[in-house]
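End of the sequence shown = 403 in our numbering, gap-free, step of one.
A short worksheet on the structure shown next.
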Amino acid sequence: MDTAQLERVYRAEAPRITAALAARIGDVGLAADAVHDAFVEALEHWQDAPPPNPAGWLATTARRKAIDRLRRARAGQEKLALLAATATGTCLQAEAADDELLGMIFACCHPALPRESQIALTLRAVCGLTTAEIATAFLAAEPAMTQRLLRARKALRAADADMRVPDPDQLADRLAEVLAVVYLVFNEGYLASAGRQPARRDLAAQAVSLTRLLHQLMPREPEVLGLLALLLLHESRAATRFDGWGRLVRLADQDRTRWNRELIAEATGLLDRALALRGPGPYQVQAAIAALHAQAPDYEHTDWAQIRLLYDRLQAMTPSPVVLLNRAVATRYVVGPEAALAEITPLAADLDGYRLYHALRAGLLTGLGRDDEAREASERALALAGNPAERELLARRLSF
């Protein structure tokens, strides 16, 4: 088994093995480290003769690695006893119960953790990324990311975080937190906030996989369906978002014949199922907006009036100046650039540090023939942009 095959096995099996181990010892971080240790050992021993049951080998080796770590830690005796008790007469099964895996996801997104730690711990324990990979994704030094993960684990222990799915009366709030973390991971992969790479396809793929997993475990949760539909609709355009030079291509200029129609069909089917459950939520509304873009023959003939109404609904659910900013894009095509500019002008105080506010304002001012003001707004957007592809696009506009 070559390294690529081993990595595929690890990515597929690590979440459930980690969840089963974490459920027994009550420590997400220790479980993730033990599974990663097992993967490192597999790299050393599987090259010539992989075991007949790779998942079972990884599970058994991870359990042994966890025992080794607990034996070295003074505070590990109680957890060691728990692990020994659950293993009597059997080995740890690779196919952990669904509720164990779901419980670990909720534990990683525990409200006791700051958002950045929730993301890092989810990527580590659930998605199986190494500390070095997570550090690279968020432009942090590996020692700093190691410390962030350690603090997150300590915070979970201090909060006595449960490795089980929350009780029904707590589920709604906790699920919203989980979905928000997954969406942030996707957004960072879809268009990186900083760094040399304009997009992190690996992070976007991890977010989609994690959402598929949540859907598998919670098939009748409308907002899980909504988020999965939203991510797939974004993913359907991935091949057209950058040109051959790596430059960002605006939605209006993308080649729609290259959009992935299979993903669009899957996403719209998921959205229909979500809406039929009659549990409305913001991810479903955002997916509906993305679906209208996917179904339009071109940018100009998009159903902008319907999109504007959907942004009104989204604003009622989750009030935000960013939602109003996006609504103004639709207003531009429904009413005109002057009306759109009037809508975003009151948002200046809230969005002065947001690059897309100034980019949209520049486009509206250009449409009104106010070129000097448009150039000033474009320069402000360029100064705020951290993504290299966005910076190049803004600089290209300024050169005209």
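C-beta atoms are modelled at their ideal positions from N, C-alpha and C, and glycine is treated no differently.
In this text, all values refer to a predicted model and were calculated from it rather than measured experimentally.
Could you tell me if N56 is buried or exposed, where buried requires 16 or more neighbouring beta carbons within 10 angstroms of its beta carbon?
For the purposes of this step, residue 56 is taken as the residue at position 53 of the sequence shown. N56 is exposed by the Cβ-count criterion.
Can you list, in chain order, the residues of its chain whose CB lies under 7 Å from that of R204, leaving out five sequence neighbours each side?
Taking the sequence shown and counting its residues from 1, one reaches residue 204 at position 201. Closer than 7 Å at Cβ, skipping near neighbours: G192.
Please report the distance separating the alpha-carbon of M166 from that of E145.
Residue numbering aside, residue 166 sits at position 163 when the sequence shown is read from its first letter. Residue numbering aside, residue 145 sits at position 142 when the sequence shown is read from its first letter. Approximately 27 Å between the Cα atoms of the pair.
Taking the alpha-carbon positions, what's the Y406 to A384 distance?
The chain is shown from 4 up to 403; residue 406 falls before or after that span and cannot be answered.
Less than 6 Å between C-beta atoms, sequence neighbours within five positions excluded: which residues of the same chain meet that for A255?
Translated into positions along the sequence shown, residue 255 becomes position 252. Once the five neighbours on either side are set aside, the close Cβ partners of A255 are Y302.
In whole angstroms, give me the CA-to-CA distance for T334 and L182.
Within the sequence shown, residue 334 is the residue found at index 331, counting from 1. Within the sequence shown, residue 182 is the residue found at index 179, counting from 1. Each residue's Cα considered, the two are about 29 Å apart.
When you compare each of G339, A37, G284 to R311 by their alpha carbons, which one comes out closest?
The residue you call residue 311 lines up with position 308 of the sequence shown. Comparing Cα positions, the closest option is G339.
Using the C-alpha atoms, what's the distance from D355 back to D36?
Against the sequence shown, residue 36 aligns to sequence position 33. Against the sequence shown, residue 355 aligns to sequence position 352. Looking at the two C-alpha atoms, the distance is approximately 42 Å.
If you reduce the DSSP assignment to three classes, tell me which class L371 lands in.
Here residue 371 refers to the residue found at position 368 of the sequence shown. Looking at L371 - three-state DSSP - the assignment turns out to be coil, as it is neither helix nor strand.
When burial is assigned at 16 or more other CB atoms within 10 Å of the CB, is A162 buried or exposed?
For the purposes of this step, residue 162 is taken as residue 159 along the sequence shown, with counting starting at 1. By the neighbour-count rule (16 or more Cβ atoms within 10 Å), A162 is not buried but exposed.
Is F42 helix, strand or coil when you go by DSSP?
Within the sequence shown, the letter at position 39 stands for residue 42. If DSSP states are grouped into helix, strand and coil, F42 belongs with the helices.
Can you list, in chain order, the residues of its chain whose CB lies under 6 Å from that of V185, leaving out five sequence neighbours each side?
Counting from one through the sequence shown, the residue named residue 185 turns up at place 182. Excluding residues within five positions, the ones whose Cβ falls inside 6 Å are A210, L213, T214.
Going by C-alpha distance, which of A23, A291, A398 is nearest T63?
As a working note, residue 63 is residue 60 in the sequence shown. It is A23 whose Cα lies nearest to the Cα of T63.
For the stretch 260-278 against the stretch 307-324, do three or more pairs of beta-carbon atoms, one drawn from each stretch, fall closer than 8 Å, so that the two count as touching?
Segments in contact, no.
Pick helix, strand or coil for F245, following the three-state DSSP scheme.
Translated into positions along the sequence shown, residue 245 becomes position 242. If DSSP states are grouped into helix, strand and coil, F245 belongs with the strands.
Once the 5 residues before and after A398 are set aside, which same chain residues still bring their CB inside 7 Å of it?
As a working mapping, residue 398 is identified with position 395 in the sequence shown. Excluding sequence neighbours, A398 sits near L385.
Determine, using beta-carbon pairs with one atom in the stretch 235-250 and one in the stretch 129-142, whether at least three such pairs fall under 8 Å.
In short, these stretches do not touch, since the Cβ pair count stays below three.
DSSP puts L251 in a beta bridge; with which residues?
Taking the first residue of the sequence shown as 1, we reach residue 251 at position 248. DSSP output for L251 lists F245 as bridge partner(s).
Contact defined as beta carbons within less than 8 Å: I believe A293 pairs with L236. What is the distance between those atoms, to the nearest angstrom?
Along the sequence shown, one-based indexing puts residue 293 at 290. Along the sequence shown, one-based indexing puts residue 236 at 233. Indeed they touch by this definition, with Cβ atoms about 4 Å apart.
What does the alpha-carbon distance come out to for the pair E10 and E379?
Position 7 of the sequence shown, counted from the start, is the residue given in the question as residue 10. Position 376 of the sequence shown, counted from the start, is the residue given in the question as residue 379. Looking at the two C-alpha atoms, the distance is approximately 49 Å.
Since V31 and A110 are thought to touch, with beta carbons under 8 Å apart, how far apart are those beta carbons, to the nearest angstrom?
By 1-based counting over the sequence shown, the position of residue 31 is 28. By 1-based counting over the sequence shown, the position of residue 110 is 107. Right, their Cβ atoms sit about 5 Å apart.
Figure out for me which residue from A179, R27, Y357 has the closest Cα to the Cα of P283.
Here residue 283 refers to the residue found at position 280 of the sequence shown. Residue A179 is the option with its Cα nearest to P283.
Roughly how many angstroms lie between the CA atoms of P322 and A115, to the nearest whole one?
To locate residue 322, count along the sequence shown from 1; it is residue 319. To locate residue 115, count along the sequence shown from 1; it is residue 112. Near 24 Å, if we compare the C-alpha coordinates of A115 and P322.
One question on the structure: do L405 and A331 come within less than 8 Å of each other, judged by their Cβ atoms?
Since the first residue shown for the chain is 4 and the last is 403, residue 405 is missing from the structure and cannot be characterised.
Among residues of its own chain, excluding the 5 on either side of L132, which ones have a beta-carbon nearer than 6 Å to its beta-carbon?
Mapped onto the sequence shown, residue 132 falls at position 129. Answer for L132: L126, listed in chain order.
Give the DSSP-derived three-state secondary structure of L401 in the structure shown.
The count along the sequence shown starts at 1 and reaches residue 401 at position 398. The answer is helix: DSSP assigns L401 an H, G or I state.
On the DSSP letters alone, give me the boundaries of the alpha helix (DSSP H) that W307 sits inside.
Locating residue 307 in the sequence shown gives position 304, counting from the first residue. Its alpha helix (DSSP H) spans residues 307-320.
If you run the structure through DSSP and keep just helix, strand and coil, what is P57?
In the sequence shown, the residue the question calls residue 57 occupies position 54. Here P57 sits in helix by DSSP.
Out of curiosity, what's the CA-to-CA distance linking D374 and R264?
As a working mapping, residue 374 is identified with position 371 in the sequence shown. As a working mapping, residue 264 is identified with position 261 in the sequence shown. Distance between the alpha carbons of D374 and R264 is about 39 Å.
Whose CA, out of P54, A34, L33, G29, lies closest to the CA of V12?
The residue given as residue 12 occupies position 9 in the sequence shown. Selected option, being the one with the closest Cα: P54.
Here's the rule: buried if 16 or more other CB atoms are within 10 angstroms of the residue's CB, otherwise exposed. What is M320?
In the sequence shown, residue 320 corresponds to position 317, counting from 1. Answer is exposed; the Cβ neighbour count stays below 16.
Taking 7 Å as the cut-off, does the CB of V12 come closer than this to any heavy atom belonging to the ligand ATP?
This structure simply doesn't include the ligand ATP, nor any ligand for that matter.
How many Å lie between Q8 and A123 at the Cα?
For the purposes of this step, residue 8 is identified with residue 5 of the sequence shown, where counting begins at 1. For the purposes of this step, residue 123 is identified with residue 120 of the sequence shown, where counting begins at 1. Roughly 25 Å between the two C-alpha positions.
Just the Cα atoms here: how many angstroms apart are Q257 and H296?
In the sequence shown, counting from the first residue as 1, residue 257 sits at position 254. In the sequence shown, counting from the first residue as 1, residue 296 sits at position 293. Between Q257 and H296, the C-alpha separation is close to 12 Å.
For C130 and A345, I'd like the C-alpha separation in whole angstroms.
Position 127 of the sequence shown, counting from 1, holds the residue named residue 130. Position 342 of the sequence shown, counting from 1, holds the residue named residue 345. Cα to Cα, C130 sits roughly 44 Å from A345.
Taking the CB atoms as reference points, tell me whether L328 and P285 lie closer together than 8 Å.
Translated into the one-based positions of the sequence shown, residue 328 becomes position 325. Translated into the one-based positions of the sequence shown, residue 285 becomes position 282. No. Outside cutoff.
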